[in-house]
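Colleague:
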Amino acid sequence: MAIEMRPVTVDDVADLQQVSIETFSETFGTENSKEDLEKYLKSAYNKQKLMAKIDNPNTDFQLIFYKDDVAGYLKLNENSAQTELKVKNALEVERIYIRKPFHRLGLGGQLIDYAYQQAVKKHKQAIWLGVWEHNIGAIAFYEKQGFSAFSEHVFNLGNDQQRDILMKKELGE
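For the sequence shown, the working numbering gives the first residue as 21, with consecutive numbering after it.
#1: Which residue spans inside the stretch 129-175 form an unbroken beta strand (DSSP E) run of at least 3?
#2: N109 by DSSP, collapsed to three states: which one?
#3: In the DSSP output, which residue or residues are listed as bridge partners for N97?
#4: Sort out for me which residues DSSP pairs F85 with in a bridge.
#5: Inspect the beta-carbon positions of L199 and L111 and report whether they are closer than 7 Å.
#6: Identify whether L186 lies in helix, strand or coil by the three-state DSSP scheme.
#7: Contact between the stretch 130-142 and the stretch 169-185 is defined here as three or more beta-carbon pairs at a separation below 8 Å; is this criterion met?
#8: Taking only the alpha-carbon atoms, compute the straight-line gap between A160 and Q130 and give it to the nearest angstrom.
#9: Just to confirm my understanding: we take R124, look at its own chain, exclude 5 residues before and 5 after, and list those with CB closer than 6 Å. What are they?
#10: For K54 and K189, I'd like the C-alpha separation in whole angstroms.
#11: For N78 versus S100, is the C-beta spacing smaller than 7 Å?
#12: Would you list the residues sitting across from Q181 in a DSSP beta bridge?
#13: Please confirm whether E46 and F85 have their CB atoms less than 7 Å apart.
#14: Assuming E58 is part of the alpha helix (DSSP H), what are its boundary residues?
#15: Terminal residues of the continuous alpha helix (DSSP H) containing F122?
#16: For D31 and E98, what's the separation of their Cα atoms in angstroms?
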């Protein structure tokens, strides 16, 4: 199995945007209004915003490839780049996006392993993430990876306020 990971560069912004829109739409498109989805996609995944995030030293994007095809990516945040600061001395897993043809190949687990390794390397006490309350498959995946719920927050998808479950994994578990 030829699986590789590498850091995202500004030259990858088109791939990053494509994977973001594709995976978010496939995962959440059928359960949300077209208007809210389009509003969110334009706001969250425009090239300028992605470029700024790639350039942020507190953000770590990693592309994952399967047999030379872009299979997905991981976005980690620390310090001021975190979407919330609810967990002290922690690393946030903001996105694990895997394209549908590459599901069930263990890629998500590899990205979580990378996040865990980075947290250890940076002397963090935990890694945390937010997951939509209706994304049962993702919740089960994160629980299998050792995460547990500790709080919740509101995620704005267009004009729709949705509930995300916040989950964390303490280092050493």
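Heads up, the beta-carbon is just placed ideally off N, CA and C, and yes, glycines get one too.
It should be emphasised that the depicted structure is a prediction, and the values quoted were computed from it without experimental measurement.
Modeller: So, from the data block:
#1: 146-152
#2: Counting from one through the sequence shown, the residue named residue 109 turns up at place 89. If DSSP states are grouped into helix, strand and coil, N109 belongs with coil.
#3: Reading the sequence shown from its first residue, position 77 is the one you call residue 97. Beta-bridge pairing links N97 to T79 and E112.
#4: Walking along the sequence shown from the start, residue 85 turns up at place 65. In the DSSP output, where bridge partners are listed per residue, F85 has E24 and V90.
#5: Residue coverage of the chain in this structure runs from 21 to 193, which leaves residue 199 outside it and unanswerable.
#6: Mapped onto the sequence shown, residue 186 falls at position 166. Reduced to three states, the DSSP call for L186 is strand.
#7: no
#8: Position 140 of the sequence shown, counting from 1, holds the residue named residue 160. Position 110 of the sequence shown, counting from 1, holds the residue named residue 130. Answer to the nearest angstrom: the Cα atoms are 16 Å apart.
#9: By one-based count along the sequence shown, residue 124 stands at place 104. If we look at R124 and ignore the five residues flanking it on each side, it has no Cβ neighbours.
#10: As a working mapping, residue 54 is identified with position 34 in the sequence shown. As a working mapping, residue 189 is identified with position 169 in the sequence shown. Rounded to whole angstroms, K54 to K189 spans 34 Å at the Cα level.
#11: Residue 78 sits at position 58 when you count from the first residue of the sequence shown. Residue 100 sits at position 80 when you count from the first residue of the sequence shown. Yes; because the gap between Cβ atoms is below 7 Å, this pair is in contact.
#12: Within the sequence shown, residue 181 is the residue found at index 161, counting from 1. Answer by DSSP bridge pairing, in chain order: N176.
#13: Residue mapping note: residue 46 aligns to position 26 of the sequence shown, counting from 1. Residue mapping note: residue 85 aligns to position 65 of the sequence shown, counting from 1. No. Outside cutoff.
#14: Reading the sequence shown from its first residue, position 38 is the one you call residue 58. Unbroken alpha helix (DSSP H) run through E58: K54 to A64.
#15: Numbered from 1 along the sequence shown, position 102 holds the residue referred to as residue 122. Premise fails: F122 is in no alpha helix (DSSP H) and is neither H nor E.
#16: Here the question's residue 31 lines up with position 11 in the sequence shown. Here the question's residue 98 lines up with position 78 in the sequence shown. Approximately 23 Å between the Cα atoms of the pair.
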